[in-house]
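What follows is a set of notes on a single structure, which appears directly below.
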Amino acid sequence: MHAWPASEVPALPGKGRDLRIHDTATDGRVTLTPGPVARIYVCGITPYDATHLGHAATYNAFDLVQRVWLDTKRQVHYVQNVTDVDDPLLERAVRDGIDWTVLAERETALFREDMTALRMLPPRQYIGAVEAIPGIVPLVERLRDAGAAYELDGDVYFSVESDPHFGEVSHYDAEAMRVLSAERGGDPERPGKKNPLDPMLWMAAREGEPSWDGASLGPGRPGWHIECVAIALDHLGMGFDVQGGGSDLVFPHHEMGASHAQALTGEFPFAKTYVHAGMVALDGEKMSKSRGNLVFVSALRRQGTDPAAIRLALLGHHYRADWEWTDQVLRDAEERLARWRAAVSRPDGPSADALLEEVREALADDLDSPAALAAVDRWAAAQQAGGGTDESAPGLVSRTVDALLGVAL
Ligand code: 5CA
Ligand code: ZN
Numbered sequence: 001m002h003a004w005p006a007s008e009v010p011a012l013p014g015k016g017r018d019l020r021i022h023d024t025a026t027d028g029r030v031t032l033t034p035g036p037v038a039r040i041y042v043c044g045i046t047p048y049d050a051t052h053l054g055h056a057a058t059y060n061a062f063d064l065v066q067r068v069w070l071d072t073k074r075q076v077h078y079v080q081n082v083t084d085v086d087d088p089l090l091e092r093a094v095r096d097g098i099d100w101t102v103l104a105e106r107e108t109a110l111f112r113e114d115m116t117a118l119r120m121l122p123p124r125q126y127i128g129a130v131e132a133i134p135g136i137v138p139l140v141e142r143l144r145d146a147g148a149a150y151e152l153d154g155d156v157y158f159s160v161e162s163d164p165h166f167g168e169v170s171h172y173d174a175e176a177m178r179v180l181s182a183e184r185g186g187d188p189e190r191p192g193k194k195n196p197l198d199p200m201l202w203m204a205a206r207e208g209e210p211s212w213d214g215a216s217l218g219p220g221r222p223g224w225h226i227e228c229v230a231i232a233l234d235h236l237g238m239g240f241d242v243q244g245g246g247s248d249l250v251f252p253h254h255e256m257g258a259s260h261a262q263a264l265t266g267e268f269p270f271a272k273t274y275v276h277a278g279m280v281a282l283d284g285e286k287m288s289k290s291r292g293n294l295v296f297v298s299a300l301r302r303q304g305t306d307p308a309a310i311r312l313a314l315l316g317h318h319y320r321a322d323w324e325w326t327d328q329v330l331r332d333a334e335e336r337l338a339r340w341r342a343a344v345s346r347p348d349g350p351s352a353d354a355l356l357e358e359v360r361e362a363l364a365d366d367l368d369s370p371a372a373l374a375a376v377d378r379w380a381a382a383q384q385a386g387g388g389t390d391e392s393a394p395g396l397v398s399r400t401v402d403a404l405l406g407v408a409l
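Take 1 as the starting number for the sequence shown in the UniProt record's numbering and just add one per residue.
Okay, structure coming up:
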């Protein structure tokens, strides 16, 4: 699949700091020191509905990771998937009487537009589940042949017991895992499984549903976790720097993905760091396609909202926090954007050298974007108070805000 166009990242003087970030697996702060090419996999959308602000907040967090790495003069190898075949997508297509491929293509196209408008840097590879199937089938066969997977009425399940490190991403106890598995696409109640938590790797063809050639597995379609594993291993290999997503992916998705990959390769770990963004809520409940309590990025754009204001609204919250979207959040962001634009539109102003270092330090400190915004607010307030004659300052502020926060002033 093609991704979306990259917005330009302006060059900044000097060099940024190494990112210290919260790692879910160790439940602590780690300093990331990738090689010259930092490797990141971020789970993409299931395209059965438009991009909502929860999605946008999660992609914003990982866009900041990229921008911090670029500022340390590293290249970034970023891979993202699109879950363009899965139960919720097929169910929505049936509900709406629309072909599932048309639905997936339409919503993926809208996602690309939203990401472009929000100045999110695109992945180098943007891969759909369907196009990954030829790579998924041999992985499932290998797991089965190694005894890490088994068949149940034609479906193939992964045996969680085959990975000695199973549980080390989420550290949840068995009961919590069971509950989350049932909520998030698993089938812990299905009789005949070795362990109720075992997730499906390959689902045998069902009447009325799409299916693909599975070689020795028979016709069917892939399970959810193996999709991301196949794509990540194909393009990044084991031991990449960051596996990212929202906190609802900690279990089962990232736990199972790590175990699939570790059982396949005998290597550990799948990702060096697991990073998770908090959940955005609306009216007191997590924004989710299944609940339908959504604010869409595209709807805001259609109403004339400046995407830079949407981005500032996201940046106003720490990525790990759970927070609530309200109209006031957006109004505050619009007001801040107007203040910043007025401040950089003057021919000179207070020196911005310290501001650049403050923004760098805030982001390096577990992506503390609220602290970065507060630093820019202080510069804008000093500008407002008429405090400087540095002619390079407004330009440096614009470039800092663009390069490190993805906001075009
Ligand atoms: N296709 C899978 C991942 S392989 C998937 O989870 N798709 S999704 O469309 O449901 O979610 C896409 C991303 O948005 C995931 O990282 C998910 O954790 C994140 N996300 C979903 N809802 C919210 C929310 N309310 N707040 C923050 N992030 C969210
Ligand atoms: Zn995923």
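From the three backbone atoms N, C-alpha and C, an ideal C-beta is built for every residue, glycine too.
Computed from a predicted model, the values in this text were never measured in an experiment.
Taking just the CA atoms, how far does residue j sit from residue i?
| i | j | result |
| --- | --- | --- |
| M200 | Y172 | 20 Å |
| G167 | A232 | 20 Å |
| R144 | Y150 | 6 Å |
| R339 | A380 | 7 Å |
| V407 | L300 | 17 Å |
| D306 | D114 | 12 Å |
| R341 | E334 | 11 Å |
| P88 | Y48 | 7 Å |
| V130 | E285 | 32 Å |
| R320 | K289 | 21 Å |
| G218 | L90 | 20 Å |
| H317 | S162 | 39 Å |
| W4 | G192 | 44 Å |
| D153 | S216 | 14 Å |
| V102 | P10 | 37 Å |
| R399 | A132 | 38 Å |
| A343 | D402 | 15 Å |
| G245 | G386 | 43 Å |
| residue 420 | W212 | In the structure displayed, the chain extends from 1 to 409; residue 420 sits before or after that span and is not available. |
| Q384 | V280 | 33 Å |
Would you give the residue range spanned by the beta strand (DSSP E) that residue i belongs to?
| i | result |
| --- | --- |
| N293 | Counting along the chain, N293 falls outside any beta strand (DSSP E), and DSSP gives it neither H nor E. |
| P222 | 220-222 |
| N81 | 75-82 |
| I40 | 37-42 |
| D402 | Unbroken run through D402 is the alpha helix (DSSP H), 393-405; no beta strand (DSSP E). |
| F240 | 240-246 |
| Y274 | 271-277 |
| D23 | 20-23 |
Below 7 Å, is the gap between the Cβ of residue i and the nearest heavy atom of ligand 2?
| i | result |
| --- | --- |
| H253 | yes |
| N81 | yes |
DSSP state of residue i, grouped into three classes?
| i | result |
| --- | --- |
| H253 | helix |
| M115 | helix |
| V160 | helix |
| R184 | coil |
| A3 | coil |
| W325 | coil |
| A258 | helix |
| E8 | coil |
| E168 | coil |
| L32 | coil |
| D155 | strand |
| D283 | coil |
| D234 | helix |
| A149 | strand |
| D390 | strand |
Examine ligand 1 and report whether any of its heavy atoms sits within less than 7 Å of the Cβ of residue i.
| i | result |
| --- | --- |
| A149 | no |
| M279 | yes |
| D18 | no |
| T46 | yes |
| E215 | Sequence check: residue 215 is Ala here, not Glu. The answer is no for A215. |
| G245 | yes |
| A57 | yes |
| G54 | yes |
| L249 | yes |
| M287 | yes |
Over what stretch of residues does the alpha helix (DSSP H) that includes residue i continue unbroken?
| i | result |
| --- | --- |
| H55 | 53-71 |
| I136 | 129-145 |
| D353 | 353-364 |
| R95 | 87-96 |
| W202 | Per DSSP, W202 belongs to no alpha helix (DSSP H); it is in the beta strand (DSSP E), 200-204. |
| L314 | 307-315 |
| L373 | 369-384 |
Item to check | Any heavy atom of ligand 2 within less than 5 Å of residue CB: hits in chain order | outcome: C43, C228
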